[in-house]
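Let me begin by presenting the structure, written as structure tokens, before commenting on it.
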Amino acid sequence: MRPAPPFSPELARREVVAPVASFIKPFHSHYFSRTVGPPYRKRQYSFAGLPGLMPLVRAFLDTSAAERCEEYQFLFTLLGSELANNAIAHSKSSERGSTYTLTVDRGAKGMTLICRD
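Everything in the sequence shown is counted per the working numbering, starting at 33 for the first residue and increasing by one.
Laid out in structure tokens, this is it:
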């Protein structure tokens, strides 16, 4: 039996860096522009359960509420980010290859956000 190779901290800390924008499907790029875009009734996007994608989640939420006042937009993004963080921390969404989906439904009385994991 061969002895195990010595532990190498350099190898244990290897990371792969990918631009966050590479996770956006091209036909959904307007979901992340952080500007008021075309009118919509419902918007839905599935995110990989990776904590490093939270800036992308916040851009999605921020853009979804872009036509609202600044305070509404801030709270919508904050609460939606908490839902996404909970999906990553407390469900199987963080397992390799798993996702969670955020759905924004805009109606006459406000906006509804659903997180499915």
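We treat Cβ as the ideally placed atom computed from N, Cα and C, and that holds for glycine.
- Give me the Cα-Cα distance between residue 94 and residue 57, rounded to the nearest whole angstrom. 18 angstroms
- DSSP-derived helix/strand/coil call for residue 120: helix
- Take residue 129 as the anchor and find which of 52, 80 and 70 has the nearest alpha-carbon. That would be 80, whose Cα lies nearest to the Cα of residue 129.
- Message: Using only the alpha-carbon positions, how far apart do residue 111 and residue 146 sit?
- Response: Using only the alpha carbons, I get a separation of about 11 angstroms.
- Spell out the partners DSSP gives residue 78 in its beta bridges. Paired residues: 133.
- residue 86 versus residue 116: straight-line alpha-carbon distance, rounded: 8 angstroms
- Task: Flag this pair as yes or no: are the beta carbons of residue 63 and residue 96 separated by less than 9 angstroms?
- Result: A contact, by the Cβ cut-off of 9 angstroms.
- Query: Taking the beta strand (DSSP E) that residue 148 falls in, what are its first and last residues?
  - Reply: 142-148
- Collapsed DSSP secondary structure at residue 112 in the structure displayed: When DSSP states are grouped into helix, strand and coil, residue 112 belongs to the helix group.
- Alpha carbon to alpha carbon, how far is residue 100 from residue 139? Give it in angstroms, no decimals. Computed Cα separation, rounded: 13 angstroms.
- Task: Give me whichever residues DSSP pairs with residue 139 in a beta bridge.
- Result: 142
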